[in-house]
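> Add 250 to a position in the sequence shown, counting from 1, and you land on the number used in the working numbering.
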Amino acid sequence: MNAPVTTKATQLFDVAPIPHSRSRSQHKRRERPKDIIYRPATPADGAEMWKFVREAGVLELNQAYAYVLMCQHFGNTCLVAETDDGMVGFVLAYVPPRQDDTVFVWQIGVAREVRGRGVGLHLLRQLLALDGCRNVRYLEASVTPSNKPSQNLFRAFARKWDVSCRKLPFFPSEFFPETHEPEYLYRVGPLHWPSA
Ligand SMILES: CC(C)(COP(=O)(O)OP(=O)(O)OC[C@H]1O[C@@H](n2cnc3c(N)ncnc32)[C@H](O)[C@@H]1OP(=O)(O)O)[C@@H](O)C(=O)NCCC(=O)NCCS
251 MNAPVTTKAT
261 QLFDVAPIPH
271 SRSRSQHKRR
281 ERPKDIIYRP
291 ATPADGAEMW
301 KFVREAGVLE
311 LNQAYAYVLM
321 CQHFGNTCLV
331 AETDDGMVGF
341 VLAYVPPRQD
351 DTVFVWQIGV
361 AREVRGRGVG
371 LHLLRQLLAL
381 DGCRNVRYLE
391 ASVTPSNKPS
401 QNLFRAFARK
411 WDVSCRKLPF
421 FPSEFFPETH
431 EPEYLYRVGP
441 LHWPSA
């Protein structure tokens with residue numbers, strides 16, 4: 251999560267813009283649910299996020315404390331999507347030190363029952379509309395090679411803004427104490443206002 255790694259990666263490895271792939275939206279997509287409210291996260295949301303991730307089963311589950319802490323320190327760059335029945339998605343992000351033109355998405359999740367309906371894309375759009383992102387021109391996330399939904403989410407986001415999505419080496423497997431896929435940095439931008 252350190253900013254200098256990004257810089258190093260840019261210097262040491264080939265920088266490959268990811269071509270815009272064929273859009274799944276060329277197929278008929280179900281409408282984005284209208285009863286969802288998107289609001290900034292507070293530390294009181296941390297426990298619910300932790301449960302959400304545990305139940306989703308796909309995302310890497312971190313300590314509950316990490317979710318509470320992220321919302322406490324980075325509440326102006328974290329969002330909850332909810333209906334009257336509870337949380338249906340969230341995004342935890344922050345602006346890394348010494349990289350104030352970038353918002354780094356640490357974790358994003360959408361409830362199974364509303365996936366594939368534009369909620370993930372809308373969370374990213376709403377994230378960029380937050381005051382904490384007022385100087386942001388790049389959106390970054392670290393993604394493993396097996397996480398196709400996530401790769402497609404960031405590519406689709408880039409396509410909608412008509413900007414490039416670059417894939418850079420970020421954290422090799424050896425950085426982790428246990429078996430772990432390498433993490434690649436997806437860098438979307440430069441973003442131009444007003445948003446797409
Ligand atoms: C990744 C995730 C957040 C996307 O949210 P979503 O609301 O389903 O995404 P959207 O409906 O906004 O779709 C956005 C793009 O993602 C892609 N996508 C979404 N679900 C996908 C799937 N299951 N397989 C392949 N691509 C998928 C599509 O390309 C879509 O763009 P397009 O149809 O406009 O081309 C959601 O699938 C999720 O929570 N997955 C499990 C957790 C996870 O992997 N999180 C990311 C790691 S931090």
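Note that beta-carbon positions come from the ideal geometry of N, C-alpha and C, so glycine has one too.
According to DSSP, simplified to helix, strand and coil, what is A361?
coil
> Classify K417 as helix, strand or coil using the three-state DSSP reduction.
strand
> Under 8 Å by Cβ, that's how I've got A294 and G325 pegged, so tell me the actual separation to the nearest angstrom.
Between G325 and A294 the Cβ distance is about 10 Å, and since that is not below 8 Å, they are no contact.
> Here's the rule: buried if 16 or more other CB atoms are within 10 angstroms of the residue's CB, otherwise exposed. What is Q357?
Burial call: buried.
> The alpha helix (DSSP H) with F324 in it runs from where to where?
314-324
> On the DSSP bridge assignment, give the partners of T394 in chain order.
DSSP lists no partner for T394.
> What do you reckon, is the C-beta of N402 under 6 Å from a heavy atom of ligand 1?
yes
> Assign G366 to buried or exposed, taking buried as 16 or more other Cβ atoms, counted over all protein chains shown, within 10 Å of its Cβ.
exposed
> Return the CA-CA distance between F354 and Y317, expressed in angstroms with no decimal places.
15 Å
> Below 8 Å, how does it come out for the segment 421-441 and the segment 390-406: are there three or more Cβ pairs, yes or no?
yes
> Tell me, to the nearest whole angstrom, how far the beta carbon of R387 is from that of P427; I am working on the premise that it is less than 8 Å.
Not quite, the Cβ-Cβ distance comes to about 34 Å (not below 8 Å), so this is no contact.
> Using the three-state DSSP reduction, which class does T327 fall into: helix, strand or coil?
The answer is helix: DSSP assigns T327 an H, G or I state.
> Would you kindly work out how many angstroms separate the C-alpha atoms of A406 and G382, rounded to a whole number?
Looking at the two C-alpha atoms, the distance is approximately 23 Å.
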